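A quick write-up on the structure given underneath.
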C-alpha cells in the first residue's frame, strides 16, 4: 500500500493558522462578556451594608419600570410603602414609577395625590443615585402605549409566605420578563407586602424622601418660631443671675414631643395591651396618659431649663382640651395655635401637616416619642442616621438625644440598624436599642421630679446596661 507523505507546513501557513485561532478566541471572549453584561448584576442587587456609600457607577435600568398600587393610610405607613416599593424595584433592577399617595388617612381613592405634591423627585434621585431611582408618572404615561406591560398579581393570605413572595420576585428577574418594559403590581398596598429588606436599606431610601421646596419653607418657618421663642425665654434669665447655668441650658433650642394621646390611638393601644395580656399574661407598655408623658419628659437628663416644648399631635383627633396645662415651670409647651401657625397647617391636607411635624421632630434638639408608634420610630431612625453621618457612634447621648416615654420612664432611644427586617419599627416594640435606665431614674419618673427631690438629695442620673 502506497502512503503519500504530507508536505511540511510553511512559515506562512503556520502564521495564518495562528491568526485565525486568535480571531476565534477574541470572538468567544466577546460573546461571553456580552452575555454576562446583559444579565442583572447580583452585585447591584445586593443589600446596602451599614455605613456603605452608594455605588455612584451603578446603572439602574432607565428603560424598565415597576408600577405599584395607590398608597394609603398615614404618613409613616406611606413612607414605609414607598421605601418597600423602591427596594423591590431595586431588586428587579428597575426604576420605580412614582406612586400616587393619599392626602388623608382614609383609603378613599378620591383622596389620591401626586407623589410630587409631597416629595421632590430630583432631590430623591440625587441623594439615592446608584441605589434606587424614581421617575414621574407623566414621563412614563406619554410612552406607555408603545411599551410592553405585564400585570402581576401578588399573593395574599397565610399560605403566601415570605419565602413564596421572595421566590415570586426571583421569577420576575428571569428571562421571561427581560423584554417587559413595565411590571405593574396589582392588588395590595406596598405597606402590606412581605418584608425582605434590612433596616439599613429602608433608612437609606427614607433619607432620600425630601419635601418639596414649598413644604420645606413651611418647616423652616415653624422651626424659626420655636427657636425665637426659646431665645426670648432665655434672655430674661441671662439678666437675672443665671451665670451658673450651662451654655446648653440657655441656647435657643427646642424639645419635640410626639403626643400620642389622640382618641384613635388610645383605642388602638388599649386593644393591643389587652390582647397581649390574654396571650402572654403580661401587659406591654404602650399607652401613656398626658400626665405620664409630662412627668417622664420632665426628668430627661439633657432637657434644657427652661425648655420650649413643641407638641406634635393630630389636632383633629384630640379630645383633651387641657393639653397645654400641667407642664410645670421648667417646660413651656407650644402647639400650633400658640405658635401662630395654625392657619398655615389648616390650609394643607392631613398628610402634609404630618410631614411638617415629622421634620420638626427630626430637627429638634431633644425628641421624645412612643416606641410603639411608627411615626416616632421613623423620627428616631432619621435622627440616628443623622448622627451616624456626623460620625457619632453612641446616639443615645448628645448632641441629638431621643427618648421613649412609654416604657416606664424616659428611655434613651436609637434605631438598631442591624435588624434584618423593619418589623420592629413597623409594628412597635419596647426594644429601643439603648442602655437601660438606672433604677433611680425609673423611680424619679414614677414619682415626678418634685416628689423625688423631697425624698432624695439631688444626684446625677446614671445609666447602666
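In the working numbering, the protein residues as written are 459 to 923. Glycine is no exception: its CB is placed at the ideal position from the N, C-alpha and C atoms. Given the structure is predicted, the values throughout are model-derived calculations rather than measurements.
Exposed unless 16 or more other CB atoms sit within 10 angstroms - verdict on residue i
i, result
"residue 611", "exposed"
"residue 789", "buried"
"residue 753", "buried"
"residue 817", "buried"
"residue 687", "buried"
"residue 625", "exposed"
"residue 629", "exposed"
"residue 811", "buried"
"residue 933", "As displayed, the chain neither begins before 459 nor continues past 923, which places residue 933 out of reach and without an answer."
"residue 573", "buried"
"residue 560", "buried"
"residue 869", "buried"
"residue 606", "exposed"
"residue 847", "exposed"
"residue 797", "buried"
Three-state secondary structure (DSSP) of residue i
i, result
"residue 717", "coil"
"residue 532", "coil"
"residue 670", "coil"
"residue 553", "strand"
"residue 868", "coil"
"residue 775", "helix"
"residue 562", "coil"
"residue 807", "coil"
"residue 611", "strand"
"residue 465", "Unreliable positioning characterises residue 465 in this predicted model, as indicated by a pLDDT of 49, which lies under 50. The coordinate reading is nonetheless provided below. Looking at residue 465 - three-state DSSP - the assignment turns out to be coil, as it is neither helix nor strand."
"residue 860", "strand"
"residue 582", "helix"
"residue 889", "coil"
"residue 781", "coil"
"residue 769", "strand"
"residue 882", "helix"
"residue 648", "helix"
"residue 837", "helix"
Closest residue to residue i among the options (Cα-Cα distance)
i, options, result
"residue 723", "746, 859, 733", "746"
"residue 692", "679, 597, 712, 676", "712"
"residue 759", "857, 791, 666", "857"
"residue 886", "680, 804, 730", "730"
"residue 757", "547, 803, 787, 542", "787"
"residue 551", "819, 710, 874, 522", "522"
"residue 526", "543, 538, 537, 532", "543"
"residue 608", "627, 638, 595, 632", "638"
"residue 577", "666, 785, 553", "666"
"residue 773", "613, 690, 555, 807", "807"
"residue 719", "572, 657, 750, 736", "750"
"residue 835", "846, 814, 860", "860"
"residue 658", "545, 627, 738, 614", "545"
"residue 775", "848, 538, 725, 594", "725"
"residue 779", "538, 748, 738", "748"
"residue 823", "735, 538, 761", "761"
"residue 549", "791, 614, 627", "627"
"residue 710", "721, 682, 595", "682"
"residue 764", "791, 783, 738, 784", "791"
"residue 926", "795, 849, 579", "Any question about residue 926 goes unanswered here, given that the chain covers just 459 to 923."
Rounded separation between residue i and residue j - CA only
i, j, result
"residue 766", "residue 755", "12 Å"
"residue 671", "residue 575", "10 Å"
"residue 635", "residue 668", "32 Å"
"residue 684", "residue 534", "24 Å"
"residue 843", "residue 644", "33 Å"
"residue 648", "residue 642", "12 Å"
"residue 727", "residue 662", "29 Å"
"residue 674", "residue 584", "17 Å"
"residue 925", "residue 536", "Since the first residue shown for the chain is 459 and the last is 923, residue 925 is missing from the structure and cannot be characterised."
"residue 582", "residue 679", "23 Å"
"residue 801", "residue 820", "22 Å"
"residue 827", "residue 890", "11 Å"
"residue 524", "residue 557", "10 Å"
"residue 872", "residue 632", "39 Å"
"residue 793", "residue 529", "29 Å"
"residue 616", "residue 646", "14 Å"
"residue 597", "residue 804", "32 Å"
"residue 732", "residue 532", "24 Å"
"residue 714", "residue 770", "7 Å"
"residue 814", "residue 825", "15 Å"
"residue 554", "residue 809", "21 Å"
"residue 781", "residue 845", "31 Å"
"residue 660", "residue 541", "6 Å"
"residue 677", "residue 614", "39 Å"
Within-8 Å CB hit, residue i to chain C
i, result
"residue 726", "Absent here is chain C; the protein component of the structure consists of one chain."
- Inter-stretch contact at 8 Å, needing at least 3 Cβ pairs: the stretch 557-565 / the stretch 830-846: With a cut-off of 8 Å, the stretch 830-846 and the stretch 557-565 do not count as touching, because too few Cβ pairs lie within range.
- Message: Using a Cβ distance threshold of 8 Å, determine whether the stretch 857-865 contacts the stretch 823-835, with at least three qualifying pairs required.
- Response: Contact holds: three or more Cβ-Cβ distances are below 8 Å.
- Would you say the stretch 867-881 touches the stretch 652-669, given that touching needs at least three Cβ pairs under 8 Å? At 8 Å Cβ cutoff, the stretches touch.
- Message: Taking contact to mean 3 or more Cβ pairs, one atom from each stretch, closer than 8 Å, check whether the stretch 616-624 and the stretch 576-588 are in contact.
- Response: In the pairwise beta carbon analysis, the stretch 616-624 is classified as not touching the stretch 576-588: fewer than three pairs are separated by under 8 Å.
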